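End of the sequence shown = 668 in our numbering, gap-free, step of one. Yeah, the Cβ is synthetic: ideal placement off N, Cα and C, and Gly gets one too. On a predicted model such as this, the values are computed, not experimentally measured, just so you know.
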Amino acid sequence: MMRVRSASAPAPGNPENEDHVFRYGDLIGVLDGATVPEGFDTGCVHGPAWYVRQLAARIGMAAAERPAAALTGNLAAAILAVRADHGGRCDLDHPGTPSATVCLLRYGGDHLDYLVLCDSPLVLDLGERIEVISDDRLAAAMADLRRQVDSDAELGAEADRATRFRRAVTLQRARMNQTHGYWVAAANPDAALHALTGSCPLTGPDRVRRAALLTDGAARAVERFGLFDWRGLLDLLGSAGPGELIRRVRLAEADDGRRWAGGKRHDDATAVLCEFDESAAPPGPSASAAVAGVGPDGGGR
């Protein structure tokens, strides 16, 4: 049996949440749309919030049509379907076309299947140890391009801060869905094939007890602020709920403006906690009936 709790909130001052959490049967997902920097074009009449909602719906449709298919295949099918949803009104080859990170977890009765694409990590409690499934290719690409931009500035080529920022965004876009860059759900279905995937048991000594799906706006509680370690994050989600995690992130964001040099002060934040009983039942009608629904922060339907 799987119990699920979730919470999601836009960054303070943002009118729209570009994160999205969804559940279709035994499939849980978290998406994080890429915010468009001010002054940049996307070649698309839609925004990141539209893209994440549309992609979530298409992932659900693919899962309904092929419930046993590989998560990579269903994600690729969903990305391809969203291409058609643009209705021919958008330039889907534009480097700024809407995109999103993807974190998926599928309950299989005696095991879990997972998929992680770009920087929305999955945290697994395996009893004696915590395992974090994290795609660090975006972070590596960003670190490399920062070195490149800083080097240009030292040579006097990009002294103006605004110009340096525009150059950094342009370089990042050029590395999206490229072999030596990073991969994210956008308009190219091949990106799904570059996701991190695997399966974990729900029985035996190495079984998964708990799992957390996070966008980077929630994961910064550990990765940026060091409020606690990953096990502490899972413990907080279990005792106080995902909404409390987001509340503590907001407090840390407001704490000291000097900590924000080189990054967003606030970000949309989403956290999902899945908890599993040890006596997991095999898939079937009875198991499906036992799976609790997603609540906003306090349990099932």
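Could you say which of the options lies nearest to residue i if we only look at CA atoms?
i: residue 559; options: 471, 407, 633 and 373; result: 471
i: residue 534; options: 435, 608, 395 and 406; result: 406
i: residue 510; options: 606, 387 and 548; result: 548
i: residue 462; options: 594, 538 and 514; result: 538
Can you tell me whether residue i is buried or exposed, with buried defined as 16 or more other CB within 10 angstroms of its CB?
i: residue 482; result: buried
i: residue 389; result: buried
i: residue 375; result: buried
i: residue 373; result: buried
i: residue 546; result: exposed
i: residue 514; result: exposed
Sorted by chain position, which residues of the same chain lie with C-beta nearer than 6 Å to residue i's C-beta, five sequence neighbours on each side aside?
i: residue 443; result: 556 and 559
i: residue 577; result: 492, 601 and 642
i: residue 622; result: none
i: residue 474; result: 369 and 393
i: residue 449; result: 421, 422 and 425
i: residue 430; result: 391, 394 and 441
i: residue 633; result: 378, 379 and 620
Under 7 Å Cβ to Cβ from residue i, same chain only, skipping five residues before and after it: list those, please.
i: residue 402; result: 385 and 415
i: residue 544; result: 550, 551, 553, 555 and 558
i: residue 502; result: 483, 484, 485, 486 and 563
i: residue 434; result: none
Can you give the Cα-Cα distance for residue i and residue j, rounded to whole angstroms?
i: residue 460; j: residue 487; result: 24 Å
i: residue 631; j: residue 382; result: 16 Å
i: residue 489; j: residue 580; result: 5 Å
i: residue 618; j: residue 432; result: 43 Å
i: residue 377; j: residue 610; result: 12 Å
i: residue 604; j: residue 438; result: 26 Å
i: residue 446; j: residue 640; result: 26 Å
i: residue 614; j: residue 608; result: 10 Å
i: residue 427; j: residue 561; result: 20 Å
i: residue 478; j: residue 567; result: 5 Å
i: residue 456; j: residue 387; result: 24 Å
i: residue 466; j: residue 599; result: 31 Å
i: residue 606; j: residue 587; result: 19 Å
Only counting the same chain, and skipping five residues up and downstream in sequence, which positions put a Cβ closer than 8 Å to that of residue i?
i: residue 565; result: 480, 481 and 500
i: residue 458; result: 410, 411 and 464
i: residue 408; result: 461 and 463
Look at residue i and residue j and say whether their C-beta atoms are less than 8 Å apart.
i: residue 591; j: residue 645; result: no
i: residue 485; j: residue 512; result: no
i: residue 589; j: residue 468; result: no
i: residue 585; j: residue 563; result: no
i: residue 508; j: residue 542; result: yes
i: residue 404; j: residue 536; result: yes
i: residue 497; j: residue 417; result: no
i: residue 583; j: residue 399; result: yes
i: residue 419; j: residue 637; result: no
i: residue 454; j: residue 572; result: no
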